[in-house]
Structure formats: structure tokens, C-alpha cells
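Single-structure report; data block below.
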Amino acid sequence: MSPEFLTIGKIARPQGIRGEVIVNIETDFPSRFFETSDFLIRTETGDSRTMKAEKARMHKGRVVIKFQNINTMNDAETLRNAEILIPVENRNTEDEDFFYHFELSGMTVSDVSGRIIGKVKEVLINPGNDILVVRGEDGEILIPFRKEICIEVNRKTGQITADLPEGLEEINR
Numbered sequence: 001m002s003p004e005f006l007t008i009g010k011i012a013r014p015q016g017i018r019g020e021v022i023v024n025i026e027t028d029f030p031s032r033f034f035e036t037s038d039f040l041i042r043t044e045t046g047d048s049r050t051m052k053a054e055k056a057r058m059h060k061g062r063v064v065i066k067f068q069n070i071n072t073m074n075d076a077e078t079l080r081n082a083e084i085l086i087p088v089e090n091r092n093t094e095d096e097d098f099f100y101h102f103e104l105s106g107m108t109v110s111d112v113s114g115r116i117i118g119k120v121k122e123v124l125i126n127p128g129n130d131i132l133v134v135r136g137e138d139g140e141i142l143i144p145f146r147k148e149i150c151i152e153v154n155r156k157t158g159q160i161t162a163d164l165p166e167g168l169e170e171i172n173r
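For the sequence shown, the working numbering begins at 1 and goes up steadily by one.
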């Protein structure tokens, strides 16, 4: 099931005394912070509101944003730990080789001979590459989500064709 919104960043803390905030980037497409000025902000209490960014800039691998009507450090403090969201329909769909975790969940995984291995139960975030947790008749198997292993991913049919390295299934069982 597709979520309604995707988190693209999380406000870490105020930056300076003029109401700017530092945002930890949680998207593979940080350019979106500079392509729009309207953002949906959801606070820790679950309150949501649209806020307009006056300016944004990169600083040491994070984004610094100045929102309209947030003019002091105390104002900015109210946004600490808030999520910055975008509607799921605004996600990047131009890169055919990029997949969101929610798109992979529930897909059927087959090997190159057509044998069904199972369905993707979840996607584990891993620094080297994400890992598909696939549940089948013989239990769970962890499959690295790498182009040389998951050789074809079809969004329309919900199918992943995997060329599993020799012994991978045995190690997992």
C-alpha cells in the first residue's frame, strides 16, 4: 500500500538567531529543497501545516532553510524534530532504476528460471545496498537489492527477477 506522503527531511535544530533550521536530508533527491518553496511540515505532536521557505542552502551535507514567519531562534526551536513531507504523487519517477521501498514491498521475487522465491516482506536499509527480506514457502531469504542480482524490476507487474549468487539461498535457510 502506497503512503500518502514521503519524508524528504527532518529538522534537526535551529541554526543561528534569525530563524533558520538545519535539515537532515532523507531523500536521494536533495535538489527538491531548492525546486519548491512550499513544504508540508509535521511536528512531533502530529500537527501538520504548509510552510513557505524564503531561502534554502546546502551546508556541510545538510540543508539550511529559512521559513516565512519563523524569525527567531525560539520560533525555529518549535520546529525541532519536525518532518518535511511531500505528497507521494510528487516523488521522482523519472529514474527508471530508482525504487522507493514502498514500491518494492509486496512484489513477487522469482529466479531467472521462473521459480518463485517469495514476496518482499520489507526492505532493510543498509549502507552498501538495501536488502530485500523475501518470505517464501521455505522461510525468509535476504537478497541484496543490487542491479547485478535483481536484474529486472517491473513496477507494472509487481515482479522482480533475481539472479541469485550460488549458495545464497542455502546460507539464508
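The beta-carbon is built from N, C-alpha and C at its ideal position, and this holds for glycine as well.
inquiry  = Taking the beta carbon of L104 as the centre, do at least 16 other beta carbons fall within 10 Å, making it buried, or is it exposed?
reply    = Classification for L104: buried.
ask   = Where S113 and D130 are concerned, what is the direct C-alpha to C-alpha distance, given to the nearest angstrom?
value = Using only the alpha carbons, I get a separation of about 24 Å.
message = Cutting at 6 Å between CB atoms, please list the residues of its own chain near N81, excluding the five before and the five after it.
response = Hits under 6 Å: E44.
ask   = Mind checking V153: buried by the 16 CB within 10 Å criterion, or exposed?
value = By the C-beta density criterion, V153 is buried, having at least 16 other C-beta atoms within 10 angstroms.
inquiry  = Tell me the DSSP secondary structure of N69 in three-state form.
reply    = N69 falls in the coil class under three-state DSSP.
query = Cβ of L85 within 8 Å of Cβ of F33?
reply = Taking 8 Å as the Cβ cut-off, L85 and F33 do not qualify as a contacting pair.
query = Shortest alpha-carbon distance to R13 belongs to which of E148, D75, T157?
reply = The shortest C-alpha separation from R13 is found at D75.
ask   = Exposed or buried, what is Q15 when buried is set at 16 or more other beta-carbons lying within 10 Å of its beta-carbon?
value = Label assigned to Q15: buried.
task = Leaving aside the five residues before and after Y100 along the sequence, list all residues of the same chain whose C-beta is less than 8 Å from its C-beta, in chain order.
result = Closer than 8 Å at Cβ, skipping near neighbours: L6, R91.
key: D38 - partner residues in DSSP beta bridges   = Paired residue(s): K52.
task = Compute the Euclidean distance between the alpha carbons of D47 and K10, then round it to the nearest angstrom.
result = If you take the alpha carbons of D47 and K10, they lie about 15 Å apart.
task = State the DSSP-derived secondary structure class of A82, mapped to helix, strand or coil.
result = The answer is coil: DSSP assigns A82 none of H, G, I, E or B.
key: Closest Cα partner of G158 within the set I41, G118, A53, T108   = Ranking the options by Cα distance to G158, first place goes to T108.
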